[in-house]
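In the working numbering, each number is its position in the sequence shown, counted from 1, plus 1.
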Amino acid sequence: MENSSIVPESLIEILTWEDKPKCQESSAYILMILAHQCSDQHDKMAKSGIVPVLLELALLGTPLAQKRALKLLQWFKDGRQTKMGPHSGPQTRRVAMGSPINQREAQEGKKMMRNLVKQSLHKNMEMITRRANAGEESSKLKALVASTSSKSLPY
């Protein structure tokens with residue numbers, strides 16, 4: 002499995018399946034194992050463009066998928082920092098990995114990021130609203146229980 006050329010690409014594609022959260026969680030777990038155990042797979046994943054997919058999963062996935070995506074992102078960040086390392090030579094301007102070359106790509110990237118942030122905000126607002134409503138229902142139930150006394154029961 003480690004030597005297969007389609008393994009990371011297929012698993013990365015599965016991470017984009019928003020309607021299958023369990024598949025996303027499992028795929029993220031397998032990718033964690035592969036990235037941790039095999040540096041070749043780690044490099045293949047980086048070249049396959051896993052970072053933007055992980056960012057999206059970290060924003061919109063299930064809590065478990067988010068946790069796994071963040072762990073993978075941390076590994077990629079740490080790996081990139083180790084490769085760059087400090088040096089005493091002349092400092093030249095570097096183009097950051099994944100940075101857009103032309104204006105159109107820059108605008109598309111900004112638009113995609115805005116959409117991701119909006120989706121994340123919407124999802125968080127739904128969760129907050131759901132929690133707030135659950136609190137109201139719980140207080141209504143407590144009031145109902147308090148208003149009925151055990152004296153009204155026939156036994």
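Even for Gly, the Cβ is constructed at its ideal location relative to N, Cα and C.
Test item: CB-CB of residue i and residue j under 8 angstroms
| i | j | result |
| --- | --- | --- |
| E127 | L61 | no |
| T63 | E26 | yes |
| P22 | A66 | yes |
| L32 | V52 | no |
| P9 | Q38 | no |
Where the alpha helix (DSSP H) through residue i begins and ends
| i | result |
| --- | --- |
| L16 | From DSSP, L16 is part of no alpha helix (DSSP H); its letter is neither H nor E. |
| S27 | P22 to Q38 |
| I51 | I51 to L61 |
Classification of residue i by the beta-carbon crowding that lies within 10 angstroms, buried from 16 upward
| i | result |
| --- | --- |
| K48 | exposed |
| S28 | buried |
| I7 | exposed |
| Q104 | exposed |
Reference residue i, options the options, closest by Cα
| i | options | result |
| --- | --- | --- |
| L16 | K45, N134 and L56 | L56 |
| K72 | N116, I34 and V118 | I34 |
| K78 | Y30, K124, A36 and S5 | A36 |
| M46 | S121, S5 and L117 | S5 |
| K68 | D44, G50 and Y30 | Y30 |
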